[in-house]
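Colleague: Sharing a structure with you now.
Chains as they are written, first to last, in the numbering used here: chain A, 14 to 455; chain B, 5 to 523.
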């Protein structure tokens with residue numbers, strides 16, 4: 014009789030989740046197997062959002078996300094089987110508040126010329142415990158979050174529309190952690206690597222990204238026991254520096270690299286003074302062409318490293334291999350990457366000049382010359398000695414995170430302020446993300 | 005043929021009709037797993053408020069930082085010139101950005117906020133419909149209100165007027181996000197209301213497994229302490245009497261006396277009226293531990309950090325037979341084999357080299373014996389029975405001058421520690437007995453977070469309310485490394501409001517710290 018019975022919904026259960034105020038779960042029971050998804054919209058809002066479609070079953074669990082706190086919504090379940098379609102009644106729900114004593118994220122200003130920023134999405138993180146990975150819209154509202162007992166030290170958005178994080182307690186230094194987690198927009202854990210399990214034998218810090226093949230790469234805390242008696246140390250002295258690790262999607266270690274293999278430790282200047290954190294690596298970027306770009310804060314340099322052989326191809330920055338005008342030197346720089354224009358871009362924290370700026374360079378790797386392309390200085394009162402990042406937004410704007418003043422900014426290339434947000438804690442990075450918004454793809 | 009067609013049509017129609025009859029309306033339910041409705045959720049809320057007493061940390065609130073604000077600046081505890089914390093508080097060089105001042109404020113308001121949320125939650129749960137008694141609901145409310153009153157007691161002792169918030173966040177208006185300072189009197193009124201509810205509805209005692217929970221006696225004792233602070237001597241004396249001869253007593257010499265109370269294997273005691281419990285289980289560090297142990301004693305004693313040195317003059321105040329002196333580090337052998345003593349001028353053993361004489365003594369109230377890790381298992385006393393006795397003794401003296409009952413109460417506390425008895429004829433005036441009581445309180449309660457309140461109350465009593473800083477200045481100024489840091493225009497009775505609060509609360513501005521810090 015089922016075949017003859019029209020497609021129909023028997024039961025709907027809406028669940029407000031105790032663990033998350035910006036996600037709701039809906040359980041749907043159909044009278045036969047079919048595909049189901051939810052269409053939902055904010056009252057007075059512009060967009061119609063859709064959950065992922067769940068296929069070929071009678072029982073479905075669907076998750077609504079990309080919601081804003083304390084807003085009224087309506088939703089409707091759409092069911093389809095071949096040419097049969099069925100829509101449920103329309104039901105309401107109202108999201109609850111995210112309790113905080115003071116706003117953690119506050120939009121301070123938005124220039125009238127840049128109202129398009131409001132519909133963009135940004136990923137950032139809460140480092141202190143309990144931590145969270147947070148997605149904001151350009152109006153400064155939280156639209157998604159996932160909280161953890163540990164702090165979220167680093168986060169990045171993957172090509173699979175998932176959030177990748179390094180988790181660690183506050184007493185692990187250098188934006189470091191002992192867990193790597195990947196979560197999708199529904200809040201499901203796609204990966205969970207823990208120190209001491211599978212291939213994770215070292216804590217990671219400052220960076221965690223997915224490459225084009227789906228492998229996860231990160232920076233490690235590396236160390237070596239060395240006889241330093243010839244330079245005034247002990248026989249079994251420990252020298253700590255950084256390394257690189259690549260994990261496959263199952264968490265197996267498929268490649269690693271160590272800074273300590275590329276220097277002569279006994280000849281290294283100030284080895285005794287700096288042996289606890291020799292070079293402070295703080296960013297890692299796969300250029301998609303077979304190399305890594307690694308940033309060393311304490312050297313004021315960026316190194317290019319061959320992904321297969323581990324060979325150091327060149328060093329860029331103060332005392333590097335490239336001709337570089339002193340005016341273009343960068344100090345304690347963060348988030349070195351290749352921008353969409355093919356330039357090497359970084360946030361120059363400017364610890365020497367007491368002024369932070371975004372810099373980008375067109376590098377001639379044969380001639381070892383560097384041409385300055387973008388140079389945007391930020392006001393001295395926005396100087397950040399630690400953390401932070403900057404990335405190109407569209408073609409002509411710059412998105413910046415400055416940690417000491419606890420700000421997110423968008424400026425034009427002349428430095429004019431177009432958008433500013435204040436944060437209630439120390440942010441690590443802000444990243445514009447694509448593919449988060451779940452509108453219909455008909 | 006026609007008939008067959010009709011028959012097919014008819015049966016088809018009938019089939020359709022019968023199928024449609026089987027269709028039901030989609031059934032719809034909403035499950036709000038975030039709305040808590042069971043009495044066990046009420047208990048979870050209550051537990052959340054208790055955990056805020058240590059603010060989830062090894063150092064937070066009663067687990068460490070609070071007592072720094074109550075013992076510094078003072079005449080017992082001090083800091084070493086290269087101490088990593090506490091120096092600003094100890095040497096009066098603090099300002100609104102001091103991290104301990106900011107941290108304790110946050111911890112206090114976190115407890116208050118949890119208390120408000122839990123009170124709202126518990127009030128909305130229908131206990132009787134869930135087969136739990138209304139008595140349990142009243143007990144839960146009593147615990148919440150007791151803890152909230154304790155937090156407001158600390159906030160007002162340390163800062164005077166503070167924001168008064170009694171609402172759950174779900175009832176906040178915009179104005180509540182930036183509350184102004186409320187007058188001290190109004191806050192104390194609320195504390196009295198809360199403590200009266202608590203004393204009415206809390207049990208007399210708890211089972212051994214529940215020993216950290218508040219009791220009638222805890223509410224009464226805290227109320228007595230509040231009356232003492234307000235100078236309401238009769239109310240205080242009467243309230244203290246209500247606690248006497250009920251569920252509490254002093255730990256007797258035969259049971260090991262005061263030293264045994266602070267032993268870190270002591271899990272509960274009839275002398276503790278309200279105590280912060282700690283845990284020694286693995287994984288407790290930073291969650292259920294406290295930080296006093298490893299911080300109190302010096303490295304060469306048993307690898308402590310020696311952050312809380314104590315003036316040798318204080319060691320000298322104890323009679324040589326007073327058992328309480330054993331809670332201070334006297335002669336000891338270091339981990340390196342050297343013998344350290346206290347100089348004879350302070351009643352120590354002295355001695356010639358290779359014996360080394362120390363410049364400070366250290367508290368042994370929170371020993372981290374048997375664990376080289378940062379987690380302390382020691383109970384942190386918040387209110388204990390000896391305080392009830394001494395409060396009544398002090399209140400009776402303020403009311404009537406030296407009297408037999410005051411002397412007898414003091415002697416109970418002294419006899420327990422084998423110190424000599426005092427007699428009525430030793431005290432010819434209220435002032436003489438008062439001074440003795442405050443010195444006695446130092447001997448009994450050092451490093452239990454009482455000294456600051458005591459010095460201020462002493463000054464108020466001695467000056468008839470006109471100069472609360474009288475005794476504070478007399479005792480603290482001479483011990484400063486640089487006496488010029490003491491300023492007569494600063495009101496040391498209260499700490500400056502923390503800069504984090506001033507910056508995030510739009511109802512406050514920097515002028516509220518005008519005479520609280522040196523300009």
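Positions of the beta carbon are idealized from the N, C-alpha and C atoms, including for glycine.
Note that this is a predicted model, so its numbers are computed, not measured.
Tell me the DSSP bridge mates of residue 251 (chain A)?
Modeller: Beta-bridge pairing links residue 251 (chain A) to A:238.
Colleague: Using DSSP with H/G/I as helix, E/B as strand and the rest coil, what is residue 53 (chain B)?
Modeller: It is helical.
Colleague: Assuming residue 278 (chain A) and residue 269 (chain A) form a contact by the criterion Cβ under 8 Å, report the distance between their Cβ atoms to the nearest whole angstrom.
Modeller: So it is not a contact: roughly 18 Å between Cβ atoms.
Colleague: Examine chain B for any beta-carbon lying closer than 7 Å to the beta-carbon of residue 29 (chain A), and answer yes or no.
Modeller: By this cut-off, residue 29 (chain A) is an interface position.
Colleague: Considering residue 375 (chain A), what are the terminal residues of the beta strand (DSSP E) in which it resides?
Modeller: Element bounds for residue 375 (chain A): 370 to 377.
Colleague: Using a Cβ-Cβ cut-off of less than 9 Å, give me the residues of the segment 485 to 516 of chain B that come near chain A, in sequence order.
Modeller: So the list reads 508 and 509, given in the order they occur along the chain.
Colleague: From A:414, A:364, A:313 and A:241, pick the residue whose C-alpha is nearest to that of residue 332 (chain A); which is it?
Modeller: Cα-wise, what sits closest to residue 332 (chain A) is A:313.
Colleague: Please classify residue 213 (chain A) as buried or exposed, where buried requires at least 16 other C-beta atoms within 10 Å of its C-beta.
Modeller: Flag for residue 213 (chain A) reads buried.
Colleague: Note down the Cα distance separating residue 114 (chain A) from residue 114 (chain B), rounded to an integer number of angstroms.
Modeller: A caution first: residue 114 (chain A) carries a pLDDT of 45, below 50, which makes its placement in the model unreliable, though a value can still be read off. Cα-Cα distance, rounded: 10 Å.
Colleague: Measuring CA to CA, which of B:273, B:439, B:37 and B:105 is closest to residue 65 (chain B)?
Modeller: The option with the nearest alpha carbon to residue 65 (chain B) is B:105.
Colleague: Listing by chain order, which chain A residues have their CB less than 8 Å from the CB of residue 38 (chain B)?
Modeller: Neighbours of residue 38 (chain B) on chain A, chain order: 29, 30, 31, 34 and 109.
Colleague: Distance, Cα to Cα, residue 26 (chain B) vs residue 97 (chain A)?
Modeller: Confidence in residue 26 (chain B) is poor, its pLDDT being 48 and thus under 50, which makes the residue's placement unreliable; the coordinate value appears in the next sentence. If you take the alpha carbons of residue 26 (chain B) and residue 97 (chain A), they lie about 18 Å apart.
Colleague: Residue 208 (chain B): buried (16+ other C-beta within 10 angstroms of its C-beta) or exposed?
Modeller: Classification for residue 208 (chain B): exposed.
Colleague: Is it the case that the segment 65 to 76 of chain A contacts the segment 37 to 46 of chain A, given that we only count it when at least three CB pairs across the two stretches are under 8 Å?
Modeller: At 8 Å Cβ cutoff, the stretches touch.
Colleague: I want to see whether chain A comes within less than 7 Å of residue 34 (chain B), judged by CB atoms only; does it?
Modeller: Yes, contact with chain A.
Colleague: To the nearest angstrom, how far is it from the Cα of residue 144 (chain B) to the Cα of residue 46 (chain B)?
Modeller: Each residue's Cα considered, the two are about 7 Å apart.
Colleague: Any beta-carbon of chain A closer than 7 Å to the one on residue 30 (chain B)?
Modeller: So yes, residue 30 (chain B) belongs to the interface.
Colleague: The beta strand (DSSP E) that contains residue 315 (chain B), what's its start and end?
Modeller: First-last of the beta strand (DSSP E) with residue 315 (chain B): 313 to 315.
Colleague: Which class does residue 43 (chain B) belong to by DSSP, given the choice of helix, strand or coil?
Modeller: Helix, per DSSP.
Colleague: Along the beta strand (DSSP E) that carries residue 385 (chain B), what are the first and last residues, could you check?
Modeller: Note, residue 385 (chain B): beta strand (DSSP E), 384 to 388.
Colleague: Could you spell out the range, first to last residue, of the beta strand (DSSP E) harbouring residue 121 (chain A)?
Modeller: Here the beta strand (DSSP E) through residue 121 (chain A) covers 118 to 123.
Colleague: Please confirm whether residue 182 (chain A) and residue 207 (chain A) have their CB atoms less than 7 Å apart.
Modeller: Contact: no.
Colleague: Residue 128 (chain A) CB to nearest chain B CB: under 7 Å?
Modeller: False, the Cβ-Cβ gap to chain B never drops below 7 Å.
Colleague: Anything in chain B within Cβ reach of residue 397 (chain A), meaning under 7 Å, just list it in chain order.
Modeller: Under the 7 Å cutoff, chain B gives no residues; its nearest Cβ is about 18 Å from residue 397 (chain A).
Colleague: Nearest CA to the CA of residue 201 (chain B): which residue from B:158, B:264, B:153 and B:304?
Modeller: When only C-alpha atoms are compared, the closest one is B:153.
Colleague: Which residue spans inside the segment 225 to 270 of chain B form an unbroken alpha helix (DSSP H) run of at least 4?
Modeller: Runs of the alpha helix (DSSP H) inside the segment 225 to 270 of chain B: 237 to 247 and 261 to 266.
Colleague: Do three or more CB pairs link the segment 351 to 366 of chain B to the segment 451 to 471 of chain B at distances below 8 Å?
Modeller: These segments do not touch.
Colleague: Give the straight-line distance between the Cα atoms of residue 413 (chain B) and residue 75 (chain B), rounded to the nearest whole angstrom.
Modeller: Whole-angstrom Cα-Cα distance: 25 Å.
Colleague: So that I know if they touch, is there some Cβ in chain B lying closer than 7 Å to that of residue 22 (chain A)?
Modeller: Taking Cβ atoms only, chain B reaches closer than 7 Å to residue 22 (chain A), which makes this a yes.
Colleague: Kindly list, in the order they appear in chain B, the residues whose Cβ is closer than 8 Å to that of residue 101 (chain A).
Modeller: Neighbours of residue 101 (chain A) on chain B, chain order: 30.
Colleague: What is the DSSP secondary structure of residue 100 (chain B), reduced to helix, strand or coil?
Modeller: Three-state DSSP puts residue 100 (chain B) in coil, outside helix and strand.
Colleague: Counting along the chain, where does the alpha helix (DSSP H) carrying residue 455 (chain B) start and finish?
Modeller: Looking at the DSSP string, the run of the alpha helix (DSSP H) that includes residue 455 (chain B) is 455 to 466.
Colleague: Smallest Cα separation from residue 19 (chain A): which of A:100, A:25 and A:83?
Modeller: Of the candidates A:100, A:25 and A:83, the one whose C-alpha sits nearest the C-alpha of residue 19 (chain A) is A:100.
Colleague: Alpha carbon to alpha carbon, what distance is there between residue 61 (chain A) and residue 449 (chain A)?
Modeller: Going by the C-alpha atoms only, they are around 14 Å apart.
Colleague: What does residue 25 (chain A) touch in chain B if you count any residue whose Cβ is under 8 Å from its own?
Modeller: Near residue 25 (chain A) (Cβ distances below 8 Å), the residues of chain B are 30, 31, 32 and 33.
Colleague: Are there three or more Cβ pairs, one per stretch, closer than 8 Å when the segment 392 to 406 of chain B is compared with the segment 244 to 257 of chain B?
Modeller: Judged by Cβ distances under 8 Å, the segment 392 to 406 of chain B makes contact with the segment 244 to 257 of chain B, as three or more pairs qualify.
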